[in-house]
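J.:
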Amino acid sequence: AEDSSNITTPESDDIDDDDDDDQEDMEEYLLGTLIVRVVAARGLENPKNNEAPRGLFGVASRFGGNSNQNAINPYASVKFGNSTQRTSMVFNSTDPTWPRHESMFLDVSLPANHLMHNPPKDITTEMTTTTTTVTTTMATSDSMATLDSSRSGSQYEYKKPNSVLTVAIFTGSVDGETKTNKEDKMGWSKQSASGDSDDTFLGMASIDVVHLLTGVSATIDSWVSLTGVASNRARVRITCEYESNEANLRRGDLCRFTQFCRPDDLFPLVPHQQYQVSEVMADHVQLSYKTPEGWICSFQTHRHMLVCEVQASSAAEICQEELSSIQERLSNSIVASSLTETIDRVPVDGLLSISS
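Right, here's the structure in full:
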């Protein structure tokens with residue numbers, strides 16, 4: 001497991017504030033699934049301990065109080081985008097370890113009109129791919145300097161989607177402490193995903209998973225410090241994987257980069273341009289494009305970075321279309337109509353009459 005110091009902490013500028021009420025009504029495009037598991041937590045403390053009587057030198061007294069005061073029943077609430085789930089409750093533990101089967105599957109989606117990069121204003125031309133000519137927007141060689149300067153945000157308006165995974169730890173209350181682990185296992189995924197109103201907050205951890213969503217990292221397995229609590233010892237171990245829905249890319253498809261890819265990371269490639277798939281090699285895809293000067297350029301990227309905008313027709317589909325066309329032409333020919341008329345006369349005139 002990695003140390004939390006190696007984790008990219010989300011910056012305030014990286015988080016997309018949901019200030020547009022109209023976004024809730026937009027159609028969502030499902031990019032893939034985030035597979036998350038909260039493995040364990042260490043160093044959790046019951047906030048009620050701060051209310052314990054103080055003894056000599058200000059140390060909390062362990063005598064004369066409730067023996068169950070230190071006991072907590074922690075569970076984790078995991079949130080990404082609009083998806084929220086929670087783990088089961090671990091009883092009487094400040095160092096809980098959750099069952100291995102409790103993996104959470106969270107949707108990774110973006111509004112359809114914010115799925116891919118939008119072109120800068122007043123930069124429009126015709127792009128020719130290696131096999132297909134399509135009309136779209138791209139930067140010419142003269143405007144490449146403009147795109148370079150726009151990386152600072154002067155013309156190219158880029159707003160990174162929210163890619164922060166949040167894990168909050170609560171301690172739950174169980175009536176009479178009669179609820180069994182078996183009962184909790186059976187209902188852990190169906191319970192309320194956020195902390196219940198009478199549960200106590202124990203801390204929160206955040207991880208920016210953009211490296212998973214763009215294929216830079218295959219997995220995340222890290223201990224992350226909890227914030228929002230007085231103790232600096234509390235940590236939680238989180239593992240994450242990502243599976244993209246764009247798994248069936250094939251040669252000839254036209255793709256574009258998702259909004260999770262920063263323009264700075266793609267430079268000198270044009271973020272909003274269409275690129276054609278030349279070859280698919282497991283998780284890596286080779287793309288090609290034609291420059292305005294006529295050069296054929298190619299590069300390799302991870303499939304998690306791409307959205308297929310136009311699917312190429314397979315050989316079977318092309319053959320099927322050709323066979324359907326031949327069948328349609330034959331059905332409209334004079335020979336076919338004459339043959340149909342002859343067959344219709346057989347029951348009435350008989351074969352000998354027709355042959356003569």
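Each residue of the sequence shown is one higher than the last, beginning at 1 in my numbering.
Beta carbons are placed, not taken as given, at the ideal position from N, Cα and C, and that holds for glycine.
Compute the Euclidean distance between the alpha carbons of residue 252 and residue 235, then round it to the nearest angstrom.
T.: Numbered from its first residue, the sequence shown carries residue 252 at position 252. Numbered from its first residue, the sequence shown carries residue 235 at position 235. Looking at the two C-alpha atoms, the distance is approximately 47 Å.
J.: What residue ranges within the region 248-292 form continuous alpha helix (DSSP H) runs of no fewer than 4 residues, ordered along the chain?
T.: 263-266
J.: Leaving out the 5 sequence neighbours to the left and right, which residues in its chain are closer than 6 Å to residue 158 when beta-carbon positions are compared?
T.: Stepping through the sequence shown from its first residue, residue 158 is reached at position 158. Here the set comprises 263.
J.: Check for me: the alpha helix (DSSP H) holding residue 211 runs from which residue to which?
T.: Stepping through the sequence shown from its first residue, residue 211 is reached at position 211. Segment 210-213, the alpha helix (DSSP H) holding residue 211.
J.: Quick check on residue 123: does DSSP put it in helix, strand or coil?
T.: Against the sequence shown, residue 123 aligns to sequence position 123. Confidence at residue 123 is low in this model, with a pLDDT of 49, below 50, so its placement is unreliable and the value that follows should be read with caution. Here residue 123 sits in coil by DSSP.
J.: Identify which residue in 96, 333, 201 and 97 has its Cα closest to the Cα of residue 47.
T.: Taking the first residue of the sequence shown as 1, we reach residue 47 at position 47. Of 96, 333, 201 and 97, the residue nearest in Cα terms is 201.
J.: With three or more C-beta pairs closer than 8 Å as the rule, is the region 241-255 touching the region 222-232?
T.: As far as the Cβ criterion goes, the region 222-232 does not touch the region 241-255, which means the pair count is below three.
J.: Decide if residue 260 is buried, meaning its Cβ has at least 16 other Cβ atoms within 10 Å, or exposed.
T.: Taking the sequence shown and counting its residues from 1, the one referred to as residue 260 is at position 260. By the Cβ neighbour-count rule, residue 260 is buried, with 16 or more other Cβ atoms within 10 Å of its own.
J.: How would you write the range of the beta strand (DSSP E) that residue 357 sits in, first residue to last?
T.: Outside the displayed range of the chain (1 to 356) lies residue 357, so it cannot be described from this structure.
J.: Count the other CB atoms, across all protein chains shown, that sit within 10 Å of the CB of residue 301; report buried if there are 16 or more and exposed otherwise.
T.: Residue numbering aside, residue 301 sits at position 301 when the sequence shown is read from its first letter. It counts as buried.
J.: Relative to the alpha-carbon of residue 83, which residue among 98, 163 and 89 has its alpha-carbon at the smallest distance?
T.: Counted from its first residue, the sequence shown places residue 83 at position 83. Residue 83 has its Cα closest to that of 163, out of 98, 163 and 89.
J.: Quick one, which of 299, 167, 111 and 282 has its alpha-carbon nearest residue 268's?
T.: Counting from one through the sequence shown, the residue named residue 268 turns up at place 268. Looking at 299, 167, 111 and 282, the one whose alpha-carbon comes closest to that of residue 268 is 299.
J.: Please state whether DSSP places residue 341 in a helix, a strand or coil.
T.: Taking the sequence shown and counting its residues from 1, one reaches residue 341 at position 341. If DSSP states are grouped into helix, strand and coil, residue 341 belongs with the helices.
J.: Roughly how many whole angstroms lie between the Cα atoms of residue 33 and residue 85?
T.: Taking the first residue of the sequence shown as 1, we reach residue 33 at position 33. Taking the first residue of the sequence shown as 1, we reach residue 85 at position 85. Computed Cα separation, rounded: 14 Å.
J.: What residue does the beta strand (DSSP E) around residue 114 start on, and which one ends it?
T.: Here the question's residue 114 lines up with position 114 in the sequence shown. That residue, residue 114, is in no beta strand (DSSP E); it is neither H nor E in DSSP.
J.: Roughly how many angstroms lie between the CA atoms of residue 281 and residue 90, to the nearest whole one?
T.: Counting from one through the sequence shown, the residue named residue 281 turns up at place 281. Counting from one through the sequence shown, the residue named residue 90 turns up at place 90. C-alpha separation (whole angstroms): 43 Å.
J.: Excluding the 5 residues flanking residue 311 on each side, which residues of the same chain have their C-beta closer than 7 Å to its C-beta?
T.: As a working note, residue 311 is residue 311 in the sequence shown. Here residue 311 has 253 as same chain residues with Cβ atoms under 7 Å from its own Cβ, once five neighbours each way along the sequence are excluded.
J.: Report the rounded CA-to-CA distance for residue 43 versus residue 96, giving the unit in angstroms.
T.: Taking the sequence shown and counting its residues from 1, the one referred to as residue 43 is at position 43. Taking the sequence shown and counting its residues from 1, the one referred to as residue 96 is at position 96. Between residue 43 and residue 96, the C-alpha separation is close to 9 Å.
J.: Please tell me whether residue 35 and residue 106 are closer than 9 Å, where the distance is taken between their beta carbons.
T.: Within the sequence shown, numbered from 1, the residue matching residue 35 stands at position 35. Within the sequence shown, numbered from 1, the residue matching residue 106 stands at position 106. Contact flag set, yes.
J.: Where does residue 73 land, buried or exposed, given buried means 16+ other C-beta within 10 angstroms?
T.: On the sequence shown, position 73 is the one that residue 73 refers to. Classification for residue 73: buried.
J.: Within 10 Å of its beta-carbon, does residue 215 have 16 or more other beta-carbons around it, so buried, or fewer, so exposed?
T.: Position 215 of the sequence shown, counted from the first residue, corresponds to residue 215. Burial call: buried.
J.: Can you give me the C-alpha to C-alpha distance between residue 238 and residue 165, rounded to a whole angstrom?
T.: In the sequence shown, the residue the question calls residue 238 occupies position 238. In the sequence shown, the residue the question calls residue 165 occupies position 165. Approximately 10 Å between the Cα atoms of the pair.
J.: Would residue 256 and residue 275 qualify as a contact pair, given that the criterion is a beta-carbon distance under 9 Å?
T.: Position 256 of the sequence shown holds residue 256. Position 275 of the sequence shown holds residue 275. Contact: yes.
J.: Work out the CA separation of residue 104 and residue 88 for me, nearest whole Å.
T.: Numbered from its first residue, the sequence shown carries residue 88 at position 88. Numbered from its first residue, the sequence shown carries residue 104 at position 104. If I take the Cα positions, the gap works out to 12 Å.
J.: Quick one: is residue 284 buried, meaning 16 or more other Cβ sit within 10 Å of its Cβ, or exposed?
T.: Counted from its first residue, the sequence shown places residue 284 at position 284. Exposed, by the Cβ-count rule.
J.: What does residue 223 pair with, by DSSP beta-bridge criteria?
T.: As a working note, residue 223 is residue 223 in the sequence shown. Looking at the DSSP assignment, residue 223 forms a beta bridge with 237.
J.: For the candidate residues 203, 331, 291 and 306, whose alpha-carbon lies nearest to that of residue 250?
T.: As a working note, residue 250 is residue 250 in the sequence shown. Per the Cα distances, 306.
J.: Terminal residues of the continuous beta strand (DSSP E) containing residue 35?
T.: In the sequence shown, counting from the first residue as 1, residue 35 sits at position 35. 28-42 is the span of the beta strand (DSSP E), which, as asked, contains residue 35.
J.: Thinking C-alpha only, which one of 94, 120, 228 and 273 is nearest residue 308?
T.: Numbered from its first residue, the sequence shown carries residue 308 at position 308. Nearest C-alpha to residue 308: 273.
J.: Could you give the first and the last residue of the continuous beta strand (DSSP E) run that contains residue 307?
T.: Numbered from 1 along the sequence shown, position 307 holds the residue referred to as residue 307. That run of the beta strand (DSSP E) goes 306-310.
J.: If you drop the 5 nearest sequence neighbours on each side, which residues of the same chain put their C-beta closer than 6 Å to that of residue 172?
T.: Indexing the sequence shown from 1 puts residue 172 at position 172. Result list for residue 172: 73, 75, 89 and 199, in chain order.
J.: Going by CA-CA distance only, name the one from 79, 342 and 45 that's closest to residue 207.
T.: Sequence index remark: in the sequence shown, residue 207 carries index 207 (1-based). If we check each option's Cα against that of residue 207, 79 comes out closest.
J.: Is the separation between the beta-carbon of residue 266 and that of residue 277 shorter than 9 Å?
T.: Sequence index remark: in the sequence shown, residue 266 carries index 266 (1-based). Sequence index remark: in the sequence shown, residue 277 carries index 277 (1-based). Cβ atoms of residue 266 and residue 277: not closer than 9 Å.
J.: Applying the criterion that 16 or more other CB atoms from any shown protein chain within 10 Å of the CB defines a buried residue, is residue 334 buried or exposed?
T.: Here residue 334 refers to the residue found at position 334 when the sequence shown is read from its first residue. By the neighbour-count criterion, in which a residue is buried when 16 or more other Cβ atoms sit within 10 angstroms of its Cβ, residue 334 is exposed.
J.: Where does residue 205 fall in DSSP's three states?
T.: Taking the sequence shown and counting its residues from 1, the one referred to as residue 205 is at position 205. Three-state DSSP puts residue 205 in a strand.
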